[in-house]
Structures are given as structure tokens and as C-alpha cells.
Amino acid sequence: GKQVELNVWSIKRFFDLYQTGRDKEPIVIETSKYGINGIPCIKAEMTGNLDYDAYLAIVPGNFLNQIYYEHGSRLLEGNVRAFLSNRGKINKGIRETIRKEPTKFFTYNNGIACTASKITLSSDGHSIVSMEDLQIINGGQTTASLTSASLKDKLPLDNIFVPMKLTVVKNEDYDTMIQNISKYANSQNKVKDSDLFSNHPFHRTFESLSKKIQAPVKAENVNNTFWYYERSRGKYEQEQFKLLKKSEKDIFLRKYPKSQVIKKEELSKYFTCAELLRPDIVSKGSEKCMAYFAEYIDDKYQKNLEYFNDQFFRQCICYTILFRTTDIIVNKANWYNIGGYKLNIVPYTISKLIQSIPNGYCLNYDLIWKKQELYSSLVHEIERLAQITNDFIQKSSGIIVTEYCKKEETWNKFKELEFKLSKDFINDLISKTLIDEKMRSEMKDVKLSANINIENEIVRLGGKYWRNLIDEGKRRKILTPTEIDLLNIAASIDSLHPKIATPKQAKFIWKIREKLEKVGVLV
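Residue numbers (the numbering used here): 1154 to 1676.
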């Protein structure tokens, strides 16, 4: 009685995916599979040497419902939001139109904006018969609402038609292109800057780590669990959308408990106060904290990609546990009045505690990770310091406390306040060298793996590719003599006496290739 899907992964299929340089196969949608001969369309004839083609089309509601049911969130990876459920005003309106006036759906709805890397047209050129790497970058709410109406409300979609604007991206920088389209196309629900940052490669990396790294099993729990990273608003709910049976949903919730969901805005808050030690930034609110976090992460990502590894993920989970436990401690304290300044007390307490630790030492993050909770001496220290923090921030010299906490000078003043750590707390600290060594070890592993991949790619592309690249670079006069010498190493791969690039040379060769691609040299 179970519905199954069969996918055969042959060696060729693995190799084809590897050659694309992507971490997953692009979605290929053929309209015939869904019972239609094609989607009627009109190509927009525009002048100029554009890096995209544009089409206007009319899409049957049933077709959208079927492809969303089959591919789910993969269709929305370029979207700044996943499905925000039927509770929102916009989505309720969509549902009501489907239920009461289906024939007017086309008129009332703004339609969807999509991107694709390639499409196939019918022989007469008037219909789209297949689309590759389809992404719904605006209209995810419309699409998911159709599936919700069909599955949950059992409403027919036969008379539903949706306007579609389709952009076929010819630009090599596909991710940047769809991010920009998503940024400017979204208007139905308010788009925050933090939503737009959700497409940064860091978030996809962190999401991937969250699905790979299993949390240690707590003593009272028999289930294996993971921390769920919600890089797009509403994605945690959307993941459960297709789980129609209670048993399936229960399995999902056991694997990803609600208490172990981290939103990207929360991560920025936890990291900024525990790693960057800036409680004043956290006190400014989610959007400003996210902007500060985004700038730091982007800079780090550009300079040191290997930093974002398994150890980094575990450290971030420890910061999450530290922040959330401190929040509970403050909330339950007998000195704290409900409606107080908890939003400021918590980050200030955490940053002050970490800043007070002697040089060369740090919290026992290994123990926090293994236990998935704070150890007793750390809890006791937080209880002591939180009350001191509360007293300090309320001496704001007439300034509103919440505004006072947003000032860097307030944090600098609090850093200077003497706080004597207890012996038990100091005894439980560990050498920072141990944590740093783990990070260095992880970074070496990631770097080694990346270097091996680069060297393999240089060989895979073949000597002819590199010779053509040299010729084109020379023709445009954009290669230095040193760069030509390095590329000649790669160009000799298929010769009788090939030269072997050292790992360092391979990196430079790849950087030269990226430089040429950026100025439009494609061979």
C-alpha cells in the first residue's frame, strides 16, 4: 500500500552528474509525462545581445499541482521563501478563489515567474514541451496553494489556469541571475533582506551539513535526531506538506524535532554574540544583526571556504544551545520580571562570560555537543552573571534601556566591569588549542578534497580545452606570460610528454580559468 518511486543510478548517470559540476541533478520536466502536449507560449522578441530568452505562457493548474507534488521544495530552491502555509492572508485568498471562483483564477492571480536553463519547443514553435532546471522564483505560494487545495481540500483544478513568465537563462552565472530575478520579482508577501541572503552559498553549505551531521543521542532519548536548518522561511512546514499520513509526519518530527529547528535569523544572533562578541549588534534586532552577520560570513566565505566544515557546524550548534538555555535561565529567574529586558540580557550575558575567560581557554564545547546541553558549572555561572547584567543595563542614565543596549560604548563599558569567575567554572574550561586544532584538521581535510577535485577537473577538461583557452586569451591580450606558462602545463596533458601540475600550480591554473570566464572567455 506504499507509494514508491524507482530511480536507477548507473555509473554513467553518476559520471554525467559529476561532469556538470553540480551537487545534484537538474530537474527535467517533460509535459507529456503529465498528460499535456505542451504549454502554449509566445516568445518575447527583444533587440540586443541578451543573456536570456523570455516567454509568456498559460499553465494548467493541474500541471503545476503535479510537478510540485513530485518535486516539492526543489522547485523553490531559487525562491526566497518556501510555502508559508494557508494561514497568511494572501494564501487564504488564493484558496478561496480556487474554491469559489476557479474560472476567475487567471484574472485574479498575478501568475508565476520561473527560470530554466534550457527548454524544448514543439515543432511549430508555439508550445513548450520540456524544461530543464525549472525554478519557480516568484509564485511559490500560488503553486503550493494549488497542491494544498487538491490534496487537502479535494478541490478540482480542471478550470484553473495560471499566467507564467519564463526566463531561460543563457548566462553562465545562473545562481546570481536567478537571485536577482527573485529579488526584483517578489512583491506578494514582504521580502526581507534576510530572505534575499538565504541564497548565499553559505546557507546551502550549512543546510547540507545539518542534513549530514547527526546529533549525539541524549540519555533519555532513543531516537537519532538532526538539527534542521531553515534557510528559507516556512521550509520546515513545507517539508511536512507532502506527508499526508500521521505516521510519516511523526517519523519526520522524531528525526527533526521542533526544538532542533534553527532559522537563519536565529543563527546570526547566536553566532554574533557568542563568536563575534557583539551583543550591541544583536540588540539592534534581527535585520541589522543579519546584515552584520552576512557581511562577516561573505568575507570569510570568499577568503576561506574550508572554514565552513563539520567542526564549524558543531560549534554553531553549541552556540545555539548556549543561547537558548541562557534565555530559559533568565526567564525563570526569581529576579526577572516578565516583560523585562531579556532580549538584551541574554546576548550581553553570553558575550561577557566568553570575554571574561582567560586567554588560551574556552568553554568545553566538546562536552556541550556530546551532552546536547550545558554542564552544571556553566549553568551556575550564567545564573550569577545574568543578574549582574540585568542590573548593569538598567543603569542607563535616563536613556531607554533597549536603546542603551544598542550602543557599542555600552558594550565596551560592560566589558570593563570586573566579574570574577568561580573555581568550578574555571576548572571545567578546556584549552582553546584543542578546539583550534580540530578546526585546522577539518580545514585541511576540506582543502585536500577540494585540491584533488581541481586536479581531476584539469585533467578531465583535456589538453585541447586548455590550448583553446590560451589561444582565446592571447587573442584578447588578457593573459600575462606567467599565466600562459601555467596554462601550458594543463595544455600538455594529452601530449607524449605531459607535465604534471603541482597542487599549488593547479590552484593558480583554475584561478586563471575563472578570471577568463568572468570576462566572457568560454571555449
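Heads up, the beta-carbon is just placed ideally off N, CA and C, and yes, glycines get one too.
The model shown is predicted, which means the values in this text are computed figures rather than measured ones.
Please tell me whether residue i and residue j are closer than 8 Å, where the distance is taken between their beta carbons.
i	j	result
LYS1585	CYS1515	yes
LEU1217	THR1273	no
SER1363	TYR1389	no
PHE1405	GLU1418	no
CYS1267	SER1436	no
LEU1640	LEU1622	yes
ILE1653	ILE1611	no
ILE1553	ILE1498	no
THR1616	ALA1644	Going by the sequence as given, residue 1616 is Gly instead of Thr. In this structure, ALA1644 lies closer than 8 Å to GLY1616 by Cβ.
LEU1475	LEU1538	no
PHE1465	LEU1531	no
ALA1099	GLN1413	Here the chain comprises residues numbered 1154 to 1676, so residue 1099 is not present and cannot be evaluated.
ILE1507	ALA1427	yes
GLU1534	SER1575	yes
LYS1395	GLY1225	yes
ILE1220	TYR1171	no
LYS1422	CYS1442	yes
Looking only at C-alpha atoms, which of the options sits nearest to residue i?
i	options	result
ILE1182	ALA1210, MET1284 and ILE1450	MET1284
ASN1312	CYS1267, LEU1299, SER1275 and PRO1255	PRO1255
GLU1127	SER1436, LEU1287, LYS1318 and SER1594	The first residue shown for the chain is 1154 and the last is 1676, placing residue 1127 beyond what the model contains.
VAL1315	ALA1210, LYS1416 and PRO1309	ALA1210
ASN1487	LEU1228, SER1575 and GLU1536	GLU1536
TYR1208	MET1199, MET1596 and LYS1371	MET1199
GLU1556	GLU1448, GLU1569 and ASP1433	ASP1433
TYR1261	LEU1304, SER1509 and ARG1248	ARG1248
PRO1354	ASN1377, LYS1365, ARG1384 and ILE1366	ARG1384
ASP1463	LYS1568, ILE1189, MET1592 and THR1479	MET1592
VAL1212	LEU1299, SER1361, SER1226 and GLN1172	LEU1299
LEU1228	ARG1629, ASN1263, ILE1180 and ARG1386	ILE1180
GLU1561	GLY1493, LYS1630, LEU1632 and LEU1430	LEU1430
GLU1608	SER1303, ASP1581 and LYS1657	LYS1657
ALA1444	SER1549, LYS1307, GLU1569 and LEU1420	LEU1420
GLU1667	PRO1651, LEU1632, THR1655 and HIS1650	LEU1632
GLY1214	ILE1450, PRO1410, LEU1310 and THR1378	LEU1310
SER1361	GLU1440, PHE1379, VAL1375 and VAL1370	PHE1379
ASP1544	ARG1467, LEU1570 and GLU1625	LEU1570
ILE1583	TYR1454, TYR1618, ASN1512 and VAL1157	ASN1512
THR1635	LEU1649, LYS1664 and SER1439	LYS1664
GLY1278	TYR1222, GLY1191, LYS1524 and VAL1161	GLY1191
PRO1500	GLN1525, THR1479 and SER1550	THR1479
So, helix, strand or coil for residue i, using DSSP?
i	result
THR1633	coil
PRO1410	coil
PHE1379	strand
ILE1662	helix
SER1645	coil
THR1268	strand
LEU1527	coil
PRO1354	helix
THR1200	coil
LYS1395	coil
ARG1240	Unreliable positioning characterises ARG1240 in this predicted model, as indicated by a pLDDT of 49, which lies under 50. The coordinate reading is nonetheless provided below. In the structure shown, ARG1240 sits in coil (DSSP, three-state: anything other than H, G, I, E or B).
ALA1302	helix
ASP1286	coil
SER1340	Caution is warranted here: a pLDDT of 48 is assigned to SER1340, below 50, making its placement in the model unreliable, and the coordinate value is therefore given only provisionally. SER1340: coil per DSSP, three-state reduction.
ARG1384	coil
LEU1582	coil
PRO1656	helix
ASP1311	coil
SER1276	coil
PRO1213	strand
TYR1618	helix
PRO1369	coil
LEU1362	helix
GLU1667	helix
VAL1157	coil
PRO1316	strand
So residue i and residue j are supposed to be a Cβ contact under 8 Å. How far apart are they, rounded?
i	j	result
THR1542	THR1502	5 Å
CYS1471	TRP1522	6 Å
ILE1251	GLY1292	Incorrect: roughly 14 Å between the Cβ atoms, too far for contact.
TYR1205	VAL1322	5 Å
ALA1269	LEU1319	6 Å
THR1358	PHE1461	5 Å
PRO1193	SER1280	6 Å
Return yes when at least one heavy atom of the ligand HEM lies under 7 Å from the C-beta of residue i, else no.
i	result
ASP1169	Although the ligand HEM was asked about, the structure shown includes no ligands whatsoever.
Less than 8 Å between CB atoms is the rule here; does residue i satisfy it with respect to chain D?
i	result
LYS1245	No chain D is present in this structure, which holds just one protein chain.
Could you pull out every unbroken beta strand (DSSP E) segment of at least 3 residues lying fully inside the segment 1542 to 1566, listed in chain order? none
Just list the alpha helix (DSSP H) runs in the segment 1428 to 1490, keeping only unbroken ones of 4 residues or longer that don't cross its boundaries, in chain order. 1432 to 1435, 1439 to 1456 and 1463 to 1485
Tell me the start and end of each unbroken alpha helix (DSSP H) in the segment 1159 to 1199 that is at least 4 residues and wholly inside, in chain order. 1164 to 1173
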